[in-house]
Every structure is written in C-alpha cells, then in structure tokens.
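One structure is given here, and the rest of the page talks about it.
There are 2 protein chains.
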Amino acid sequence: MRDPSIVERATSAVTAVVDELKGSWPRQVSVAAAVRAHHANSVTWHPPQPPDAVFFAASTEDVQAVVRLCAAHRVPIIPFGTGTSLEGQINAPLGGVSIDLSRMNAILSVDATDLTCSVQAGVTRKQINDHLRDQGLFFPIDPGADASIGGMAATRASGTNAVRYGTMRENVVSLTAVMPDARAVRTARRARKSAAGYDLTRLLVGSEGTLGVITEVTLRLHGLPQAIAAAVCPFAGLDAACDTAVAAIQSGLPLARVELLDELQVRACNIYSKLNLAETPTLFVEFHGSQAAVEEQITLFESIARDHGGGDFQWSTRPEERTKLWQARHDAAYSCMVLRPGAKVMATDVCVPISRLAECVTLTKRDLAESGLFGPIVGHVGDGNFHVAVLFDGDDAMDLARMQAFCERLAMRAIAMDGTCTGEHGVGQGKMAYLAAEFGPALDLMRQIKRAIDPDDIMNPGKIFTP
Amino acid sequence: MRDPSIVERATSAVTAVVDELKGSWPRQVSVAAAVRAHHANSVTWHPPQPPDAVFFAASTEDVQAVVRLCAAHRVPIIPFGTGTSLEGQINAPLGGVSIDLSRMNAILSVDATDLTCSVQAGVTRKQINDHLRDQGLFFPIDPGADASIGGMAATRASGTNAVRYGTMRENVVSLTAVMPDARAVRTARRARKSAAGYDLTRLLVGSEGTLGVITEVTLRLHGLPQAIAAAVCPFAGLDAACDTAVAAIQSGLPLARVELLDELQVRACNIYSKLNLAETPTLFVEFHGSQAAVEEQITLFESIARDHGGGDFQWSTRPEERTKLWQARHDAAYSCMVLRPGAKVMATDVCVPISRLAECVTLTKRDLAESGLFGPIVGHVGDGNFHVAVLFDGDDAMDLARMQAFCERLAMRAIAMDGTCTGEHGVGQGKMAYLAAEFGPALDLMRQIKRAIDPDDIMNPGKIFTP
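Set out below in structure tokens:
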C-alpha cells in the first residue's frame, strides 16, 4: 500500500511533468487512454498498469531532456520498444512517463569488414536482417517477437540461435544509454574485445531499464553461412529428445539451432501453422557451415538421434521450407492459444545446466499434469532453457492461483538445480520473488549498484527488485 | 603527494593489521623483504611498489577474515595470483596487504556434461588443461604466462584462441568474490545463460581487484577438436599479413588462432625457440574441427593468403610440431629480450576494429622507427589486438621518456580509431591516463559503481582510475 501523502505528491509531480511535456513537445506526447493502455499491454499475462503519459522520442537528446525533466520531479520513466516483453517490464506500477523509442528506428551504419552495425534502439531485429540481406550478413538473436534492439538489449534477449551465436550478452559490442542524471554514456568502443575498465556494456544489457534508457546499440554481425540444413526429428519421449540434444552438444557438434517441442506444442503448430508432424516430442534442428561441414554434421546428428530412438528425419535445405518451419517455431507462443480458445496464456521460462535438463522437463511435465494445468513446453534445449505456456481461465481465481503456484515451483525447481529462474524473458515484475533464492547476498550487490546509479529510483521502478 | 597526516594514520593502521595477521595466522603471513618484493615484481616495466605484508590465503573464509580486518583499519588489499600481470596490477602504491591466492589451487569439480569446471582462484590455466586432458575437454584462454584463473578473470584475460573461443568475458560462467564489506557473493548459477538481474559476473571480470577479491571461478570448457592443423605463412609486408587475417574472418572461416609476428619477432623466436623461419612478417594459424572441416578450411585459407601474396605454407598436424610452434609464440614476450640483452621490456597492447588493423600496425611500426625505438610486434590479429614489446635502456632517462611517449601515442591512436587502449593486458597503473579519452562520461559511471561498492577505496587502490 502506498502512503497517501506520497501518492499526492507524486500526482502533482506527474501533472507538472505532463504539462511541461505537452507544452514543449506537443506532437511527441500522448495522454490518450488508448495510447497509455497500449503501452501497458503485455503479450503474456500480467495485469496492465498504464503510465500517466507516453513520450515518443526522436533522438538521444529527446530522451535526455525528458529524463532531466522526470528526474527533477522524481517521476518514473518506463522505456518502451515494441511492448513484446513477457514479464511486465513495460508496466508502470508507480505511474510515470513511458518513453517510446519506436520512432528511433534508423540503422546508423553497417561496418561489413568489422562485422558490426550501429542502430537506434527502436530498430527491430527483422528490420536489421532485411537491411543486411544483400550483404551476406545477418544478426542471429531472434526472440519470438519482432522486438526492438533496445528492448532486446535491456532484457538480455536470446532465441533459437543462442546455442551457436550467443545471446544479447555476447552480441552487443557497445551501447549508448541515458542515465538517471540525463547524461548520455557510450559504454565501449568498437573493438572486438577490450580489457579497459568495468564492463558497462554488460551491466546495461539485462538491466531492464532500471539503470538507464538505451538509445543506440552497436551489434556484432555474422556472415550468412554457405549452406543451411534444417530437420525435424520425432522421439518417443521428452527425455530421449533432451538427451539427444545434450549428447550432440557434448560431442562438439556446432548446432546452430536445437529446439524441443512437446506433443502439445506440435499439435498447436500443426493447427496454427498448417504443419503435418507426428504429435510426439520433436526436435527442430539446424546446421550452418560449408556444404561439406553441414553434410558431416547431419550424418553425426542422425547417428546420435538414432542412438536415442529418434524417428525418421525430415531434412530441408530449401529456404521456403525452412522458413515455414522456423516461422512455426517462432509462432509457438501464439499458436498454443488454438489449443484452448479464450484462455489466457502465461509464458514462463527457466534455464538449468544441461545435465539436469531432461529431469527438469520431465518433472515439470508431471507437475502440470498433477496440477490439472494445461501448457505446451518448448525449449532452446542446447542451452538448457525451456518455456511453458500455461493456458488458464483468466476469470477463474482458482485456475489463476494454480498457474501462479506452478510457476513458482518451476522457478524454484530450476534454482535448486543450480539454474536460473529465467533464461531469456527477464525478471520484470513476474520473477522478482525468486531472486533472493537465486542470488543470496549477490542480490544486495545489485541493489548497491542500483542505488548508486539511480538514487531516486526513477528508472523503471518496481522491476527486478525493490532497491 | 600524500598528506603526511594521512600517511601517519595509514602507517599505524597497517601496523595494527600486520600485528593482528601475525598473531592470528602466523604461518600464512610474511613481511620479509624478499617476499614483499616478489609480490611487486612485474614481468614488464613498472617501478615495483611492494606491499607491507603478504597473506597466503587457504580459503574464501581466510580472505573474508583478512578483508574484514583490513576494512576495519582502511588498509589497502592487493589480490595476487601468479604475479604475471603486465600493467602494475599487483603493485601496492599505497601499501597494504597483498592477498596471495596461489595456495588456493584446488580443482573443485569438472562437470563434463555441462562443459563447466569450478576451481579455486589460484589454479593456473595449465593445471586445468593437465587435469582435463583425459576427458577430451580443454580450457582455451591462454595468455602468455601460466597465469592463475582468478587473475585471468580479474584482468579479463585473453590469448591466441580468443578469435574462436572468446576471452574470459565469454568463458566465466560464475564466480565467488569477497567484497569490501567481507561478504562472499556468488555472482551467478551454472546455467549457460540467464536473464535474471544485473550481470555481476561480467562486472567482476575485468575489475582488476578494485571491487572484490575473486576466490572461486566456474569456467566454460570446450571439447577437444577431432582434428587440429597449424601452419606458418610468410608475407612480404605487415599489411598483407593483416589483410589476410581480416579477409579470412570476413569469409566466415572459423579460425581457431591467427597470430601475426613481425620480422623482428620472427628473428627473436628463431633465436630463442630454435625455429628456422624466414625473417619476414608471418602468420601463425590454427584450425580446429573434424578432419574434413579442417581440410576444407586449409584450402580456403591458402587461397585467401595467396591472393594477398602469402608465401609457402608449412602445415603441421603432428602434436609435437604444433606444440613447439605455439610454445615459441607464447614465449614471444621473453624471447624478444635476446634481441637486445640487458634491455628492459615494456609490453603494451591495444585493440582496434579489424578494418583499421593494417593501418594501425603500419603507423605504429613507422612511429617506432621515427622514435628511434626498437620493439617487435605480435598480434592476435583476428581480434584486431596487437602488442609491442618496446626494448629500452632502463638506466637512460631519455630512452625511458621516448618509450613512454610512444606508448601514449599508440594508446591514443587506437582510441582515435574507435578502439581501446588495451585489448587484454588491462589498465592497472599503466593505462589509467587514457580512460578519460576512451570512455568520456562513462568513466564517471565506473567511478559511481566503485564508490558504491568500495566507499573507502581499500580494494586495489590506485588502479584503473582514481575514484
């Protein structure tokens, strides 16, 4: 419960800020209910908490000016890219100004020799790859949504290629962020590595807007492989599919993608994406390399899969077939709605050491059954990372409570296996309760950093932890 | 100049700490001049500044106890692994206690399925690889010296394999550090990736002992490749050698190592390591993979090298030949002494975007000649990172001044090319002067973090920056 006097002071501060925003940037600010609601509309289940106003930034200088104004009045700032985060990162539990960066969508430079490109924070991952297509380069990080690069950096996003190419942690070279005192800082230069000073880049990557507003990002790019082959392989059980992925990783196979779909998720993809797969636990895999290397990898992977009882492979090297397959994988979060129309979906994720993966997935599947819950499982199993999309009745308090209890058990199960409560969705509001268990005294170290950089707690307050 | 009253207070504080150390841990503390001198004996040129005492820690709890004691008296703490850092990181400019971690040399666990291992901070890189040999695994980070893992994490170390396997930034999964308030924190769990909270692991990696004392590290391991091939290729000029490396990277060739040696360094290796190479700019390269993949890579690389005028390749797939070659490369820093016996050596490094590498190396070579200085150049050119080992007369103030002016121009040249003043040696004392130019306002952000975590500046004071 917030102290009423604080609420009153906060309300007059917000009014002052909004008046100033409207006066100085009339074409960049909105207090319309629909716009505010859109900026708190999570794609997964979290109660929406709209901001008091939305500011559409056009430049780093714009962001600096608005941060300066908000800081003077201690009004919260909530950075917003595409609104596709999954743990309530864009909510405004204490009100304030949502800074929408989607108009900052310029690709600033592509440096093909250095395999880097610099973009404004509102550029999306698909926009970059469309831009790069003719240059033989690509940017591999691919969360389900066509998210903004700023948002992906802020949440340390990941996706299906992480097993080979890393996550945003490995693929952000440098970034520019506006800090709570309105300074713009560039965290690093453009060299591939550096031993100079604290790693501010990786401090900001994953900070979910609680330390500053990311306005520009320099990314690492990769050469498009000469050959790509994708395949689908069915298994009798989840553990055999997991064990195949783990054995492939251990054997040193440079898998580009290895995705697990349980039988429910396969059914959802069959319906939503018009696939025609056997409804059994299935691996989607992809190999990148020279023609000869890809062929060699295929042979080795098939033999590993056979050792684990894997069924017939469907290989695909034609781009349109591959695209259809991976589009289906990317649409998994949406597709599962077809299994229970009208249900709400809670998409949660955890990540464990891969030696514990089969066990964690199996226990989770059993937990779903025992709880009377319904939720497909998909996973980036090469990383030990998997998702459950729990479908529940949003109007049924009992069902909601069951879903929440299940998510808590899942997070604590992963932590008990020396894993993490989130492999790629971030903490936001949804995972705050688990950080003490995951980090112990290290959580206080995070708080020390937060308080030092943002003493008034104006940057996305109410996310990750309470400072 | 230090204020005399502060010096006096510090002296009595140090006396109190040393007395307490001797009383409580008589077998783990030394104030002998030789031991103190050894703990300030940099392998490169920095005036030694010995600590007041050396404490040999046997456990994280030991470190906590000593940190608690030093913190109570505001006495500086200088972490020490093997003493092989290159920028004065182990010096004690304000006195204090050197915490020597070399007795903490236990390998705690190897988790082959997860490709991780956990070690105490004093374990060295060669010790790990000796331990792993039978398991088909290896740890790739290989700075010139057989450094300790704690020291390598603290300085964000790198080496010849970084172009393929990354640096300590990418290969530390988690670590335990004793913070200035004597709490031990574990920065992360053992999952391959996580989106939970601030990236404390990467904040500590590269912090050079200024935030805490690293006592345990969990590392990422890699499977030993099925086939390895190494080669030496001579070039007519430095630029052709650099351009070959850059073209290979751009073409997507997964080079495991690509090292440049200029003609002086080749001469030094010929003498010191009894090689028999043409004394001209030369690339040492290595490929890892399956037999077929390595053969394919060799063919492609040879064709790229020929396009740049590269001479005859000497390929080697026999382990003993390869070992001799890479031992020579690792001994480069020592070998160059044979070129000017009795000279002091200043080993400096910078890193630039690879598009600027040939230009930066060429300008640096010219600068050496114009300055009347003598120094071989070696480089991890796939990363844009290169070293100059300036050989100078330590008794000649003019020669010293020339060397220092050259190092400054080199650092500023790299920064002007959007590179960094150090790719792998760290800042220590030697590169402090360049961080303002490299980071601008971001340097103050580092200071904010330092002050929040170590308000009394007891952790390795006088390194990286003045808080």
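Residue numbers (our numbering), protein chains in the order written: chain A, 2 to 468; chain B, 2 to 468. Using N, Cα and C, we set each Cβ at its ideal position, and we do this for glycine too.
Beta-carbon of V379 (chain A) versus every beta-carbon of chain B: anything under 8 Å?
For the purposes of this step, residue 379 (chain A) is identified with residue 378 of the first sequence, where counting begins at 1. Output row for V379 (chain A): interface = no.
Closer than 8 Å to chain B by CB, M338 (chain A)
Translated into positions along the first sequence, residue 338 (chain A) becomes position 337. Judged by the 8 Å Cβ criterion, M338 (chain A) is not in contact with chain B.
Give me the chain B residues within the contact set of S483 (chain A), using Cβ-Cβ distance strictly less than 8 Å, ordered along the chain.
Nothing can be reported for residue 483 (chain A): it is not among the residues displayed for chain A, which extend from 2 to 468.
Are there 16 or more other CB atoms within 10 angstroms of the CB of D400 (chain A), so buried, or fewer, so exposed?
Residue 400 (chain A) sits at position 399 when you count from the first residue of the first sequence. It counts as buried.
If you run the structure through DSSP and keep just helix, strand and coil, what is M433 (chain B)?
Counting from 1 along the second sequence, the entry for residue 433 (chain B) is found at position 432. Per DSSP, reduced to three states, the secondary structure at M433 (chain B) is helical.
Nearest neighbour of F440 (chain A), chosen from A:Q449, A:I450, A:T421, A:G429 [CA to CA]:
Your numbering for residue 440 (chain A) matches position 439 in the first sequence. Ranking the options by Cα distance to F440 (chain A), first place goes to A:T421.
Over the uninterrupted alpha helix (DSSP H) stretch that includes P80 (chain A), give me the two end residues.
Residue 80 (chain A) sits at position 79 when you count from the first residue of the first sequence. Where P80 (chain A) is concerned, there is no enclosing alpha helix (DSSP H), although the beta strand (DSSP E) it sits in stretches over 78 to 81.
Taking the beta carbon of G24 (chain B) as the centre, do at least 16 other beta carbons fall within 10 Å, making it buried, or is it exposed?
As a working note, residue 24 (chain B) is residue 23 in the second sequence. Answer is exposed; the Cβ neighbour count stays below 16.
Output, in chain order, the set of chain A residues within a Cβ distance shorter than 7 Å of K432 (chain B).
Your numbering for residue 432 (chain B) matches position 431 in the second sequence. Chain order gives the chain A residues near K432 (chain B) as A197, where near means a beta carbon separation below 7 Å.
Near H47 (chain A), what residues of its chain come up, given a Cβ to Cβ distance below 8 Å and the 5 sequence neighbours on each side ignored?
Numbered from its first residue, the first sequence carries residue 47 (chain A) at position 46. Beyond the five residues adjoining it in sequence on each side, H47 (chain A) comes within less than 8 Å, by CB distance, of E88, G89, N92, G429, Q430, G431 in the same chain, given in chain order.
Indicate whether A59 (chain A) and R126 (chain A) have their beta-carbon atoms separated by less than 8 Å.
For this step, residue 59 (chain A) is matched to residue 58 along the first sequence. For this step, residue 126 (chain A) is matched to residue 125 along the first sequence. Cβ atoms of A59 (chain A) and R126 (chain A): not closer than 8 Å.
State whether the region 180 to 199 of chain A contacts the region 207 to 225 of chain A, with contact taken as three or more CB pairs (one from each stretch) at a distance under 8 Å.
Counting C-beta pairs closer than 8 Å gives three or more between the region 180 to 199 of chain A and the region 207 to 225 of chain A, which meets the contact rule.
Along chain B, which residues have their Cβ under 9 Å away from the Cβ of T188 (chain A)?
Position 187 of the first sequence, counted from the start, is the residue given in the question as residue 188 (chain A). Result: F440, A443, L446.
Those residues which DSSP pairs with C422 (chain B) across a bridge
Numbered from 1 along the second sequence, position 421 holds the residue referred to as residue 422 (chain B). Beta-bridge pairing links C422 (chain B) to no other residue.
Which residue marks the beginning of the beta strand (DSSP E) containing R221 (chain A), and which one marks its end?
Position 220 of the first sequence, counting from 1, holds the residue named residue 221 (chain A). 214 to 221 is the span of the beta strand (DSSP E), which, as asked, contains R221 (chain A).
Beta-carbon proximity list for V267 (chain B), same chain, < 6 Å, skipping 5 on both sides
By 1-based counting over the second sequence, the position of residue 267 (chain B) is 266. Within the same chain, V267 (chain B) has close Cβ partners L278, E280, T283.
Segment limits, beta strand (DSSP E) that includes T365 (chain B)
Against the second sequence, residue 365 (chain B) aligns to sequence position 364. First-last for T365 (chain B): 358 to 371, but that is the alpha helix (DSSP H), not the beta strand (DSSP E).
What are the start and end residues of the beta strand (DSSP E) that includes T283 (chain A)?
Along the first sequence, one-based indexing puts residue 283 (chain A) at 282. Per DSSP, T283 (chain A) belongs to the beta strand (DSSP E) from 283 to 290.
With 16 as the cutoff for other CB atoms within 10 Å, does Q121 (chain B) come out buried or exposed?
Within the second sequence, residue 121 (chain B) is the residue found at index 120, counting from 1. It counts as buried.
With a cut-off of 8 Å, do at least 3 Cβ pairs link the region 188 to 199 of chain A to the region 144 to 160 of chain B?
With the cut-off at 8 Å, the region 188 to 199 of chain A and the region 144 to 160 of chain B touch.
Do you know how far the Cα of V339 (chain B) is from the Cα of F393 (chain B)?
Translated into the one-based positions of the second sequence, residue 393 (chain B) becomes position 392. Translated into the one-based positions of the second sequence, residue 339 (chain B) becomes position 338. Using only the alpha carbons, I get a separation of about 13 Å.
Counting only beta-carbon atoms, is P181 (chain A) nearer than 8 Å to chain B?
Indexing the first sequence from 1 puts residue 181 (chain A) at position 180. Look at P181 (chain A): its C-beta is not under 8 Å from any C-beta on chain B.
Which chain B residues sit within Cβ distance under 9 Å of I454 (chain A)?
For the purposes of this step, residue 454 (chain A) is taken as the residue at position 453 of the first sequence. For I454 (chain A), the chain B residues whose C-beta falls within less than 9 Å of its own C-beta are L446, Q449, I450, A453, listed in chain order.
Simplified DSSP assignment, three categories, for L261 (chain A)
Sequence index remark: in the first sequence, residue 261 (chain A) carries index 260 (1-based). Note: L261 (chain A) maps to strand in three-state DSSP.
Which of helix, strand or coil does DSSP assign to L401 (chain B)?
The sequence position of residue 401 (chain B) within the second sequence is 400, counting from 1. Three-state DSSP puts L401 (chain B) in a helix.
So which residues of chain B does T423 (chain A) contact, with C-beta pairs closer than 8 Å?
Here residue 423 (chain A) refers to the residue found at position 422 of the first sequence. For the C-beta of T423 (chain A), the chain B residues within less than 8 Å are, from N- to C-terminus, S195, A196, A197.
For chain B, check one thing: does any of its Cβ atoms lie closer than 8 Å to the Cβ of D384 (chain A)?
As a position in the first sequence, residue 384 (chain A) is number 383, starting the count at 1. Interface flag for D384 (chain A) against chain B is set, since a Cβ pair is found closer than 8 Å.
Is it right to say K451 (chain A) is buried, meaning 16 or more other beta carbons lie within 10 angstroms of its own, or is it exposed?
Residue 451 (chain A) sits at position 450 when you count from the first residue of the first sequence. So K451 (chain A) counts as buried.
Among the residues of its own chain, which have a CB less than 7 Å from the CB of Q65 (chain A), if the five just before and after it don't count?
Working through the first sequence from its first residue, we reach residue 65 (chain A) at position 64. Hits under 7 Å: V179, A183, A185.
Would you mind sorting T16 (chain A) into buried or exposed? The rule is 16 or more other CB atoms within 10 Å of its CB.
Here residue 16 (chain A) corresponds to residue number 15 of the first sequence, with the count starting at 1. So T16 (chain A) ends up on the exposed side.
Identify, in the order they occur along the chain, each residue of the same chain with its Cβ nearer than 7 Å to the Cβ of E209 (chain A), setting aside the five sequence neighbours on each side.
Indexing the first sequence from 1 puts residue 209 (chain A) at position 208. Cβ neighbours of E209 (chain A) beyond the five flanking positions: Q90, A155, T156, G427, V428, G429, N461, K464, I465.
Output yes or no for whether 8 Å exceeds the beta carbon distance between F81 (chain B) and D101 (chain B).
Numbered from 1 along the second sequence, position 80 holds the residue referred to as residue 81 (chain B). Numbered from 1 along the second sequence, position 100 holds the residue referred to as residue 101 (chain B). Yes, Cβ-Cβ distance for F81 (chain B) and D101 (chain B) is below 8 Å.
Please check if any C-beta of chain A sits within less than 8 Å of the C-beta of G253 (chain B).
Numbered from its first residue, the second sequence carries residue 253 (chain B) at position 252. Yes - at least one Cβ of chain A is within 8 Å of the one on G253 (chain B).
Excluding sequence positions up to five away, which residues of its chain have a Cβ less than 7 Å from the Cβ of M404 (chain B)?
In the second sequence, counting from the first residue as 1, residue 404 (chain B) sits at position 403. Around M404 (chain B): M347, L374, V391, F393.
Is A249 (chain B) closer than 8 Å to L256 (chain B) when the C-beta atoms are compared?
Working through the second sequence from its first residue, we reach residue 256 (chain B) at position 255. Working through the second sequence from its first residue, we reach residue 249 (chain B) at position 248. Less than 8 Å separates the beta-carbon of L256 (chain B) from that of A249 (chain B).
Examine the Cβ distances between the region 314 to 325 of chain A and the region 162 to 171 of chain B and report whether three or more of them are shorter than 8 Å.
No: fewer than three Cβ pairs fall under 8 Å.
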